[in-house]
Amino acid sequence: MPELPEVETVRRGLAPAMEGMQIIRVTCQRPNLRFAFPDGFVDRLAGRTILSLGRRAKYLLADLDDETVLIMHLGMSGSFRIATDEADNRIGEFYIPRGKLAAHDHVIFELSSGTAIIYNDPRRFGFMDLATRSTLEEHPLMRAIGVEPLGNAFGPDLLRRLLTGRKSPLKAALLDQRLVAGLGNIYVCEALWRSRLSPLRIAGTIAPDSKRPGKQVKALASSIREVLEEAIEAGGSSLRDYVQTSGELGYFQHRFCVYDCEGKPCVRDGCNGIISRVTQSGRSTFYCEVCQV
DNA sequence: CGCATCCCCTGCCTGC
DNA sequence: TGCAGGCAGGGGATGC
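Listed below in structure tokens is the structure:
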């Protein structure tokens, strides 16, 4: 599933096709994804113009001209593609390229530009909801979300405060969206490797209760920011089903140092370790026992 | 409160 | 080639 870099890549791919366009019609091919679509979903979107497409954590947020915000989450296997209108495939006056609908195409947004934005999600762990701009922060999906790791507020000082006193392993703490928003299994593993910290380490132990962040917190904060920035630059990571809106694959997966590297040699200079896999909170963690402490 | 576990669902890979 | 089992990028509900 898409983590922050993949969602940001999707946002950048969709924005030019969606911003400034009017939504002519929305079609849901089923009543629910992970959750039921909210009441009036289709009707509230029809006729609206999309002002901008933003992102918060792993959520895409489309701001509409009536203060409505369309919230979209890709879950584990969600993707969007942009289908350009082709006369052959038109249905009536609209633009659904019906001949080209694929299995698991669940939502179709037909836009005034003549393109259709199609949401596909085999596992249906994704979901969509509607909110109001002025109260977006209080929306149940948004309320508890933590700091944006690429934003100005994020850095060693804030990270130290978030981790101080926390008794969970670093892996669990960094996966917790209420602390830092947008990290998932891949980038947590990669950021911990880059900062030479063990995912098993109790989070609070790298943030002793002094006023200033130590070396380890500084290293972790930098690693998180760097790995996310590099991954966005690479168009995200393509494993299994993730693709960009253009259908192209991201290529950051070729730069993984630990994720899905069980049994391979650690690539850190001078380290002779072998990458291990362990289970933490029911999910795979990859790390080097030799250089991550 | 904070944490681990289970579960939602489908597809793909492995091993028998 | 078929089939069962395990596993997958997220996150919400539950129970300790």
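In this text, residue positions in the first sequence follow this note's numbering: the first is 837, and each later residue adds one. Cβ atoms here follow ideal geometry from the backbone N, Cα and C, with glycine treated the same way. Computed from a predicted model, the values in this text were never measured in an experiment.
Nearest neighbour of residue i, chosen from the options [CA to CA]
i, options, result
"N988", "T1000, L977, F1122 and S1058", "S1058"
"P1101", "R870, Q1089 and F1122", "F1122"
"D1096", "E1069, Q1080, C1025 and G1086", "C1025"
"T968", "F961, L977 and V943", "L977"
"G956", "N1108, C1107 and T1081", "One point to set straight first is that residue 956 is Asn, not Gly, in the sequence displayed. With distances taken between Cα atoms, N956 lies closest to T1081."
"P874", "A1017, V905, C1093 and A1039", "V905"
"S970", "D899, A1067 and L1064", "D899"
"G1106", "R1119, C1127, Y1087 and E1098", "C1127"
"A882", "R848, S1034, Q858 and R1091", "Q858"
"R1030", "L1011, A1008, L1010 and I1060", "I1060"
"A893", "D879, E903, R866 and L840", "L840"
"F1088", "N1108, A853, D901 and E1062", "E1062"
"N1021", "K1051, E974 and L1075", "L1075"
"S888", "I907, L1036 and G1109", "I907"
"L1085", "A1070, E1098, G1099 and A1027", "A1070"
"R827", "P1035, G1099, V1094 and L998", "Look at the range of the chain in this structure, 837 to 1129, and you will see that residue 827 is not part of it."
"V943", "C864, F1092, K1051 and I1110", "C864"
"G1050", "D993, S1004, Y895 and G1099", "D993"
"T1000", "S1046, L966 and G856", "S1046"
"R866", "A851, D901 and A939", "A939"
"V1094", "L1064, E1066, L1036 and Y1023", "Y1023"
"E1066", "R1037, A1027, P1035 and L1036", "A1027"
"L869", "G1083, L1036, H909 and V862", "H909"
Under the three-state DSSP convention, the category residue i falls into
i, result
"C1025", "helix"
"V878", "helix"
"R926", "A caution first: R926 carries a pLDDT of 47, below 50, which makes its placement in the model unreliable, though a value can still be read off. It is coil, neither helix nor strand."
"R1030", "helix"
"R866", "coil"
"E842", "helix"
"T971", "helix"
"D957", "coil"
"F1122", "strand"
"I1068", "helix"
"R847", "helix"
"T1115", "strand"
"I981", "coil"
"P852", "helix"
"I1110", "strand"
"R917", "strand"
"F963", "strand"
"A989", "coil"
"T951", "strand"
"E1084", "coil"
"E1098", "coil"
"V1053", "helix"
"V1129", "coil"
"V1103", "coil"
Expected contact under 8 Å - CB spacing of residue i and residue j to nearest Å
i, j, result
"I953", "D941", "So it is not a contact: roughly 11 Å between Cβ atoms."
"F963", "F877", "11 Å between Cβ atoms; not a contact."
"A1043", "R996", "5 Å"
"R959", "S913", "4 Å"
"P985", "L1019", "7 Å"
"K1073", "E842", "The sequence shown places Ser at residue 1073, not Lys. The pair is a contact, with the Cβ atoms about 7 Å apart (cut-off 8 Å)."
"R1091", "L966", "Not really, about 37 Å apart at Cβ, beyond 8 Å."
C-beta contact flag for residue i and residue j at 7 Å
i, j, result
"S1112", "E1125", "yes"
"F945", "G911", "no"
"S948", "I886", "no"
"I981", "E844", "no"
"A1039", "R1014", "no"
"V1016", "V983", "yes"
"R848", "R891", "no"
"A1009", "I918", "no"
"V1114", "S1034", "no"
DSSP bridge partner residues for residue i (one or two, in chain order)
i, result
"Q858", "T885"
"D941", "N956"
"L897", "G890 and I907"
"I1038", "P1005"
"E946", "R861 and A952"
The ligand GDP heavy atom lying under 6 Å from the CB of residue i
i, result
"P958", "For the ligand GDP, the structure offers nothing, since it holds no ligand at all."
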